[in-house]
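Order-wise, the sequence lines are chains C and S. Taking the working numbering, the leading residue of the first sequence gets 18, the next gets one more, and so forth. Taking the working numbering, the leading residue of the second sequence gets 7, the next gets one more, and so forth. Below: the structure, in structure tokens.
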Amino acid sequence: MSAPTPQPEPTEAELLRRAKNADKEAFYALVQPRERSLFAAAMAILNNPADAEDAVQDAVLKAFSHLSGFRAESKFSTWLTQITLNEARLKLRKDRRHLYDSLDEPQSGDEGEYSPKDFADWREIPSESLQREELKQALNRAVASLPPKYREVLLLRDVQSLSTSETAQILGLTPANVKIRLLRARLQMRDALAPGIDGSWSSGKSEYQKVRPW
Amino acid sequence: MSVLEISCVEVWREVSNYIDGEITLDLRTRIEAHCKACAHCTAILDGTKNVVRLIANGIQYDLPGGFSRRLYDKLKNK
């Protein structure tokens, strides 16, 4: 008896074709490898795991219903991320906790300069330090403290490693705007993390002053 | 050859592009010449570079337990 011939993995185009014919298994096969990045995109807006999960579920259902509207000229992952971000924004707007926290933030445009607040001499912090829980927590707190419009750009560019043009397409911004927001986000992250750069990761201690000779 | 000087504010404006390698050689040379004489801008540039690396390695959003199963069920029962 001969061994069964292994079936080749269906291509994305084949899965899309089947999904457009209401094949849910094929659609899930397209979504499943992207779950983590969709969740991260929703977290960028909502900053809460339960809400982010709801937003991803709503986005995936919506994408399945509107799959006939998907055009092959854009990447499927880009399209799905756009829908997820939109769902996350809708959820944020509906959420009473953010009733007075407008996403549009018309009062603070991107035009003005951002000046660094802290000029501490930054020592090299090796990535191995990330095994320390306090550094991880400080990073997460700093990301959470960013305004959503900066946080989403930072996560797409520096965590998910998308290009400037992909990020611009997903967020509906110009590449120039993406660059401005990324600069703000990175400088604000640096300022937010500066109190820990003496190695203690606890702000306000006397040691903190040692790295500021001026 | 002398390098045209730039201000601290101009350096801050280009920090991100500098890190991403998206500036002209001329501007890179001017930023590096400025930083040799300016401890503040060196601190900003090095610190931001370090932050970008830490973010890439340190920010992870682990999927909540059962995430995939719940998503699959939701789609299946739609």
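We put the beta carbon where it would ideally sit given N, CA and C, even for glycine.
Might you give, ordered along the chain, the residues of its own chain that have their beta carbon closer than 6 Å to the beta carbon of residue i, omitting 5 neighbours on each side?
i        : result
Val-48/C : Val-77
Val-17/S : Ile-37, His-40 and Cys-47
Arg-35/C : Ala-43
Can you tell me where the alpha helix (DSSP H) with residue i in it begins and where it stops?
i         : result
Ile-29/S  : That residue, Ile-29/S, is in no alpha helix (DSSP H); it is neither H nor E in DSSP.
Cys-47/S  : 45 to 64
Ala-80/C  : 66 to 82
Arg-106/C : 93 to 111
Ile-25/S  : 14 to 25
Leu-55/C  : 52 to 63
Pro-70/S  : Here Pro-70/S belongs to no alpha helix (DSSP H), and DSSP marks it neither H nor E.
Tyr-131/C : It is not in any alpha helix (DSSP H) - Tyr-131/C carries neither H nor E in the DSSP assignment.
Pro-192/C : 192 to 210
Label residue i either buried or exposed according to how many other C-beta atoms from any shown protein chain fall within 10 Å of its C-beta, with 16 as the threshold for buried.
i         : result
Ser-132/C : exposed
Gly-71/S  : exposed
Arg-149/C : exposed
Glu-183/C : buried
Thr-54/S  : buried
Gln-24/C  : exposed
Glu-104/C : buried
Ser-91/C  : exposed
Ala-43/S  : exposed
Asp-112/C : exposed
Ala-202/C : buried
In chain order, what residues of the same chain lie with their CB nearer than 7 Å to the CB of residue i, ignoring the 5 residues before and after it?
i        : result
Asp-26/S : none
Ala-57/C : Leu-172, Val-176 and Gln-177
Asn-64/C : Ala-161
Lys-37/C : Leu-84 and Ser-85
Taking Cβ positions, are residue i and residue j nearer each other than 9 Å?
i         : j         : result
Thr-188/C : Val-195/C : What sits at residue 188/C in the sequence shown is Leu, not Thr. Result yes, Cβ atoms of Leu-188/C and Val-195/C sit closer than 9 Å.
Ala-72/C  : Leu-33/C  : no
Ala-12/S  : Leu-31/S  : Inspection of the sequence shows that residue 12/S is occupied by Ile rather than by Ala. Going by C-beta atoms, Ile-12/S is not nearer than 9 Å to Leu-31/S.
Arg-103/S : Leu-200/C : With chain S running from 7 to 84 in the structure shown, residue 103/S is simply not present.
Leu-69/S  : Arg-53/C  : yes
Arg-198/C : Lys-166/C : yes
Glu-70/C  : Ala-59/C  : yes
Met-206/C : Leu-163/C : yes
Leu-107/C : Leu-55/C  : no
Ile-29/S  : Leu-156/C : no
Val-57/S  : Glu-130/C : no
Ala-39/C  : Pro-27/C  : no
Pro-50/C  : Tyr-67/S  : no
Give me, in chain order, the residues of the same chain whose beta-carbon lies closer than 8 Å to that of residue i; leave out the 5 immediate sequence neighbours on both sides.
i        : result
Leu-77/S : none
Are there any heavy atoms of the ligand ATP lying less than 8 Å away from the beta-carbon of residue i, as far as the coordinates show?
i        : result
Lys-80/S : Of ligands this structure carries none, so the ligand ATP is not represented either.
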